[in-house]
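Q:
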Ligand SMILES: NC(=O)C1=CN([C@@H]2O[C@H](COP(=O)(O)OP(=O)(O)OC[C@H]3O[C@@H](n4cnc5c(N)ncnc54)[C@H](OP(=O)(O)O)[C@@H]3O)[C@@H](O)[C@H]2O)[C@@H](O)CC1
Ligand SMILES: Nc1ncnc2c1ncn2[C@@H]1O[C@H](COP(=O)(O)OP(=O)(O)O)[C@@H](O)[C@H]1O
Ligand SMILES: [K+]
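In my numbering, the protein residues as written are 2 to 516.
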């Protein structure tokens with residue numbers, strides 16, 4: 002069978018589809034049903050391209066300098082492993098294959114039959130034998146339950162020995178649909194995961210964002226059948242219209258940030274500054290009268306207004322140029338209970354965060370009953386669990402069986418229930434509209450931005466999204482672009498970041514987009 006080398010790319014790329022296992026199988030099935038390719042040919046392409054990636058990352062293997070241990074499972078993931086073994090051996094690598102069970106699918110049996118070297122049991126394959134690389138071909142998208150303790154233990158021992166692990170398709174033990182580790186056995190971190198056609202949810206969500214290591218996505222010729230996947234979650238990225246077009250300040254919108262009482266104004270000021278830096282033409286911060294002196298002393302480009310009660314908000318909103326609102330950061334629970342219904346009644350695009358969410362923890366349905374489609378809720382995990390206790394439990398409770406429910410499943414259900422767009426914050430921020438259109442802003446793996454775990458960074462995110470809403474972005478685009486900008490600013494600034502730095506780094510991010 003002649004195989005041409007295929008194109009491979011890292012995981013990132015705005016707008017990239019991230020597939021579920023079911024979607025991946027649908028694409029594969031559509032390709033096979035077309036008669037253009039067989040399952041065995043796909044396996045051959047997968048194994049060949051994976052072997053190529055391994056040699057790009059560890060070129061010394063081809064000199065025979067160290068042995069490669071390939072652990073093969075019973076399914077097609079194991080089948081890929083036998084193909085990798087053959088290609089690596091052909092390139093001069095010292096290859097050892099260990100199987101946990103005989104191949105159990107037709108394609109895996111055919112791939113195993115073409116591997117002419119010895120195959121040992123898994124047990125003696127553990128540490129003690131010097132190996133330069135371990136290829137994990139135990140389980141991929143077919144993982145249906147937790148790894149047996151001895152298998153997880155073997156992977157951990159290999160990881161602890163310092164030997165890098167390269168996973169084929171998924172690190173074994175990780176649920177491909179949620180990125181959650183099935184069961185309670187810890188897994189080591191892979192140095193590299195080579196996946197096929199498209200990244201899977203399990204590479205970016207949950208533990209998968211870290212445990213997958215660097216993810217290389219390789220083309221195996223399935224592109225013509227991608228449509229069989231249907232609608233997918235997309236990776237968040239900068240919306241095409243992010244750079245400002247010509248116009249005066251009012252053509253870029255006027256954001257209204259509702260702030261709280263004296264001594265508690267930092268969060269709302271952070272949000273207001275972020276809204277302005279995101280490009281809103283004007284930003285007004287509205288606070289109670291007693292908080293005016295404090296805010297007036299701290300603000301210049303941001304305008305100030307007094308709002309003491311719901312009636313004064315209603316009066317202010319008679320100005321229809323105030324086209325996006327932000328309620329939550331530093332607002333205070335009582336003020337949130339008073340102002341959120343009035344803000345929602347105006348029907349304008351708005352962000353509800355922090356206190357504007359917690360204020361309704363006792364009766365989330367009351368909040369949802371007032372919701373409209375231009376609203377965006379931006380809870381962190383704690384706020385999410387307060388508003389959607391059953392979904393919070395669904396994410397917290399351990400799972401032995403796959404597929405485990407993912408953060409994306411949870412946010413989709415939450416958005417449908419709330420009747421609004423919901424953005425669930427975390428290193429793997431997930432966003433869904435009420436209709437289930439989804440985006441993932443992954444700040445994990447090569448795109449990690451751990452510096453975002455700092456007080457006030459969520460307030461900045463609310464402000465960024467509000468600024469983009471003021472500029473006229475649709476809620477899903479505002480949320481996804483805001484989350485991407487937030488993480489991108491953090492990545493650019495790097496270690497030492499505090500919340501104030503995020504908005505100040507935005508000009509650099511915008512400049513890089515203009516280049
Ligand atoms: N889709 C594509 O386009 C392409 C897919 N390709 C490759 O195929 C892979 C998917 O293959 P797959 O469906 O055969 O599943 P796989 O991951 O090998 O495992 C299933 C086997 O494991 C078993 N098993 C499960 N969990 C277990 C556990 N905890 N402990 C013990 N056993 C467990 C399960 O048994 P069962 O659950 O039935 O009891 C079954 O026997 C995919 O990841 C990619 O590498 C490429 O070749 C080409 C293109
Ligand atoms: N480890 C991390 N990696 C990437 N992003 C993170 C990490 N931890 C937190 N974040 C992001 O930082 C922000 C924190 O928001 P939040 O929890 O509301 O904090 P605060 O209330 O202090 O502003 C969210 O946008 C979240 O996605
Ligand atoms: K694997």
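Glycine included, each C-beta is placed from N, C-alpha and C at the ideal position.
#1: Please go through the same chain and pick out, in chain order, the residues whose beta-carbon is closer than 7 Å to the beta-carbon of residue 263, but skip the five residues on each side of it.
#2: Hey, would you say residue 206 sits closer than 7 Å to residue 250, going by beta carbons?
#3: Is the beta carbon of residue 194 less than 7 Å from the beta carbon of residue 214?
#4: Report all residues from its chain with a CB closer than 8 Å to the CB of residue 342; omit the five preceding and five following residues, and keep chain order.
#5: State the DSSP-derived secondary structure class of residue 38, mapped to helix, strand or coil.
#6: Look up residue 201 in the DSSP assignment and give the residues it is bridged to.
#7: Starting from residue 97, trace the alpha helix (DSSP H) in both directions and tell me its first and last residue.
#8: Near residue 177, what residues of its chain come up, given a Cβ to Cβ distance below 6 Å and the 5 sequence neighbours on each side ignored?
#9: Nearest-angstrom Cα distance between residue 508 and residue 448?
#10: Using only the alpha-carbon positions, how far apart do residue 59 and residue 68 sit?
#11: Using three-state DSSP, classify residue 255 as helix, strand or coil.
#12: Does ligand 2 have even one heavy atom less than 6 Å from the beta-carbon of residue 201?
#13: Could you spell out the range, first to last residue, of the beta strand (DSSP E) harbouring residue 423?
#14: The beta strand (DSSP E) with residue 137 in it runs from where to where?
#15: Would you say residue 75 touches ligand 5, meaning its beta carbon is less than 6 Å from a heavy atom?
#16: If you run the structure through DSSP and keep just helix, strand and coil, what is residue 175?
#17: Pairs of beta-carbons, one from the segment 83-92 and one from the segment 41-51, closer than 8 Å: are there three or more?
#18: Restricting to Cα atoms, I'd like to know which of 500, 353, 61, 401 is closest to residue 373.
#19: When burial is assigned at 16 or more other CB atoms within 10 Å of the CB, is residue 384 buried or exposed?
#20: Counting Cβ pairs closer than 8 Å, one from the segment 363-370 and one from the segment 495-514, do we hit at least three?
A: Answer, in terms of the structure:
#1: Closer than 7 Å at the Cβ level, and outside the excluded window around residue 263, lie 291, 292, 295.
#2: Their beta carbons are not under 7 Å apart, which means residue 206 does not touch residue 250 by this criterion.
#3: Residue 194 is a Cβ neighbour of residue 214, given a cutoff of 7 Å.
#4: Result list for residue 342: 311, 371, in chain order.
#5: Three-state result, residue 38: coil.
#6: According to DSSP, residue pairing for residue 201 in a beta bridge involves 20.
#7: Note, residue 97: premise wrong, no alpha helix (DSSP H); beta strand (DSSP E) at 95-100.
#8: Apart from the 5 residues on each side of it in sequence, residue 177 sits with its Cβ closer than 6 Å to the Cβ of 22, 142, 171, 201, 203 in its chain, given in chain order.
#9: Within the model, the alpha-carbon separation for residue 508 versus residue 448 is close to 20 Å.
#10: Near 12 Å, if we compare the C-alpha coordinates of residue 68 and residue 59.
#11: Looking at residue 255 - three-state DSSP - the assignment turns out to be strand.
#12: Not so, every heavy atom of ligand 2 lies at least 6 Å from the Cβ.
#13: Note, residue 423: beta strand (DSSP E), 422-425.
#14: 134-138 is the span of the beta strand (DSSP E), which, as asked, contains residue 137.
#15: The model on display carries ligand 1, ligand 2 and ligand 3 but not ligand 5.
#16: Strand.
#17: With the cut-off at 8 Å, the segment 83-92 and the segment 41-51 touch.
#18: With distances taken between Cα atoms, residue 373 lies closest to 353.
#19: When all chains shown are included, residue 384 counts as buried.
#20: No: the two stretches stay apart, fewer than three of their Cβ pairs being nearer than 8 Å.
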